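K.L.:
Under my numbering, the first residue of the sequence shown carries the number 1, and numbering increases by one thereafter.
We put the beta carbon where it would ideally sit given N, CA and C, even for glycine.
Predicted model only: the values in this text are computed from it and were never measured.
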Amino acid sequence: MVDGAVELGPIVSPYAYEWFIRGELSAGRGDHEEAAIAFENATAASNADALLMARLAEELDESGASRRADRTLALARRSHPESARVALAEGRILHRRGDDQGAISALVRARRLAPTRDEPVVAMAEVLHERGHRRRANAILLEHVMMMPEGHAGAARRLSIDLARRTGDADTLRRALFLDPNMPSGARARAAGQLALETGRPALAARILDGETSSRRNAALWARALVESGARTKLAAVLSSREGAGLGTDLQRARLLVTIGEAERALPMLEASEPSPALRYERGHALWTQGRYLPAAARLADVPFGAADFEVSRLALADCSLALGRRGAAAESLSTVPHGSLAVRTKLAEIYLEADAMRPALRLFDPTVSAERAVLASLFEHAGRFEEAAAYYASVVVESNDGPALRARASAERLVSRGSIEAAIATLEHWAMIAPEDLYARVRLVELLREHGRVEAARREGRRVFELIGDRRLSERLKELLAGL
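1) Between Ala263 and the rest of its own chain, which residues show a CB-CB distance below 6 Å, the 5 nearest in sequence each way excluded?
2) Closest by CA to Ser321, which one among Leu251, Phe310, Ser333 and Ser185?
3) When the distance is taken between beta carbons, is Ala297 closer than 9 Å to Leu317?
4) Beta-carbon of Ala69 versus every beta-carbon of chain B: anything under 9 Å?
5) Looking at the unbroken alpha helix (DSSP H) that takes in Ala490, where does it start and where does it end?
6) Going along the chain, which residues of its own chain have a beta-carbon closer than 8 Å to the beta-carbon of Pro404, five neighbours each way excluded?
7) Closest to Ala308 by C-alpha separation, out of Ala89, Gly470, Asp250 and Glu282, would be which residue?
8) What is the DSSP secondary structure of Ala65, counted as helix, strand or coil?
9) Taking the runs of the beta strand (DSSP E) that are 3 residues or longer, which of them lie wholly in the stretch 96-152?
10) Rounding to the nearest angstrom, what Cα-Cα distance links Arg134 and Ala84 in this structure?
11) Leaving aside the five residues before and after Arg359 along the sequence, list all residues of the same chain whose C-beta is less than 8 Å from its C-beta, in chain order.
12) Under a Cβ-count criterion, where at least 16 other Cβ atoms within 10 Å of its own Cβ denotes burial, should Leu481 be classed as buried or exposed?
13) Residues in the same chain with beta-carbon distance under 7 Å from Asn41, minus the five sequence neighbours each way, listed in chain order, please.
14) On the criterion of 16 or more Cβ atoms from any shown chain inside 10 Å, does Gln101 qualify as buried, or is it exposed?
15) How many angstroms separate the CA atom of Val416 from the CA atom of Arg327?
16) Please classify Thr213 as buried or exposed, where buried requires at least 16 other C-beta atoms within 10 Å of its C-beta.
17) Tell me, please, whether the stretch 84-93 touches the stretch 111-123 by the rule of three or more beta-carbon pairs shorter than 8 Å.
18) Identify whether Ala383 lies in helix, strand or coil by the three-state DSSP scheme.
19) Taking 9 Å as the threshold (C-beta atoms), are Leu406 and Ala426 in contact?
20) How far does the alpha helix (DSSP H) with Leu239 in it reach, from first residue to last?
21) So what's Glu18 in DSSP terms, helix, strand or just coil?
22) Is Glu198 buried or exposed, if buried means 16 or more other CB atoms sit within 10 Å of its CB?
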């Protein structure tokens, strides 16, 4: 029995077997010289065994004794011309020496001599993968797994799955997982769909998960894939029909419809549901997204104090009041909410800022708390106090749950504070490509380009941004920067 498979061959004495075990243990520790000595002792007792000779050749080569390895390999080929073990050892040795073409030839021979064994196929796939032939490597592994009886070819399947994950090949992962008899189909689809989403292929993820949405996790992943692939209409049709039952309750599905911009479909579902504080909020929120601020405000005002959705309903009510030009009503709607909430204080500060009341806005926050410094940075920026905003951004300690916008701004300002303006520019340029709508970040980029002496780049970016700015203070800041170029 070798590697879990029965191999016919000459009887190996207990003495040779003991040296064989010692050799494998030494090789596992990376002590190839000791391993070579052990295998040499084993072959001295049983020189007719192809496995012992193949392992001796490999360990001699690993220990640097390449000439002795070649002589051992030549003897093994003469003694065992039909041994897949010897051909496999030759392939591994040639690959280690950089002769990949010779290695593949030897491994093809090993596969021909032992078509049911995993090792030659796995070794060949590893060589091809290292040479950049990833698709070919995966194709060879999948072909081998498909040829084998169910439950066999475990090493080839594991490598195929591993390579697919490492290379982001979701389609290959799906096929490799499909050939695993121990994995439920839903779990296979979820793993492959998740990989497709992670590698930016939402349409493929949606195809993989289509028909595999019986579990809530799969259904949520499928919905996300449809949204990211732009198939919102298809998702909306499912959510608003009986087919969407697997995607959650009526309320959950209606909430998702509002999130993807399909409030018109959500409202009939919400109106037909049993009344509750959560339902009142969702109705108001759906109307708010449609710009129907008066009926939205009426629904949101009905959410009672103490309800789980009370705070978010008051924030949405404040937004409705602001949209209707009723700043006092917006502030009043927040007066009944405990001001311990950062979201509520931030909204109040925005209301104060609209009234040019910066001092009471600043008093709402504790500058010793990093999360509150991030809000202060944004407030200073919107108030046109850009130097203070930059200083606050530089002092923010970014947490794992912070958004990418804050990460980009804080990172850029920390780099500026250390004198690494070029790196800060690169950070903001990258962020501007991802979020061109972040006009404050883009104006800061113009400023840094100017400071770094890249006048043409600053002028070019400034002209592009200028047409998009609606805020008076930011527009004046950009005019000031461009005037100095």
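P.N.:
If we stick to the structure as given:
1) Position 263 of the sequence shown, counted from the first residue, corresponds to residue 263. Excluding residues within five positions, the ones whose Cβ falls inside 6 Å are Ala286, Thr289 and Gln290.
2) One-based indexing of the sequence shown puts residue 321 at position 321. That would be Ser333, whose Cα lies nearest to the Cα of Ser321.
3) Numbered from its first residue, the sequence shown carries residue 317 at position 317. Numbered from its first residue, the sequence shown carries residue 297 at position 297. Yes, these two residues count as a Cβ contact at 9 Å.
4) This model lacks chain B altogether, as it is built from one protein chain only.
5) Examination of residue 490 is not possible in this model, given that the chain is present from 1 through 485 alone.
6) In the sequence shown, the residue the question calls residue 404 occupies position 404. The residues are Trp431, Ile434 and Ala435.
7) The residue labelled residue 308 in the question sits at position 308 within the sequence shown. Comparing Cα positions, the closest option is Glu282.
8) Locating residue 65 in the sequence shown gives position 65, where the first residue counts as 1. Coil, per DSSP.
9) none
10) On the sequence shown, residue 134 is found 134 positions in, with the first residue counted as 1. On the sequence shown, residue 84 is found 84 positions in, with the first residue counted as 1. Each residue's alpha carbon lies about 25 Å from the other.
11) Here residue 359 refers to the residue found at position 359 when the sequence shown is read from its first residue. Answer for Arg359: no residue qualifies.
12) Taking the first residue of the sequence shown as 1, we reach residue 481 at position 481. Buried.
13) Here residue 41 is taken as the residue at index 41 of the sequence shown, counted from 1. Once the five neighbours on either side are set aside, the close Cβ partners of Asn41 are Trp19.
14) Along the sequence shown, read from residue 1 onward, the residue named residue 101 stands at position 101. It is exposed - the Cβ of Gln101 has fewer than 16 other Cβ atoms within 10 Å.
15) By one-based count along the sequence shown, residue 416 stands at place 416. By one-based count along the sequence shown, residue 327 stands at place 327. Each residue's alpha carbon lies about 37 Å from the other.
16) Taking the first residue of the sequence shown as 1, we reach residue 213 at position 213. So Thr213 counts as buried.
17) yes
18) Walking along the sequence shown from the start, residue 383 turns up at place 383. Coil at Ala383, not helix or strand.
19) Residue numbering aside, residue 426 sits at position 426 when the sequence shown is read from its first letter. Residue numbering aside, residue 406 sits at position 406 when the sequence shown is read from its first letter. Contact flag unset, no.
20) Translated into positions along the sequence shown, residue 239 becomes position 239. Run containing Leu239: Arg232 to Leu239, per the alpha helix (DSSP H) assignment.
21) The count along the sequence shown starts at 1 and reaches residue 18 at position 18. It is helical.
22) In the sequence shown, the residue the question calls residue 198 occupies position 198. Under this definition Glu198 is an exposed residue.
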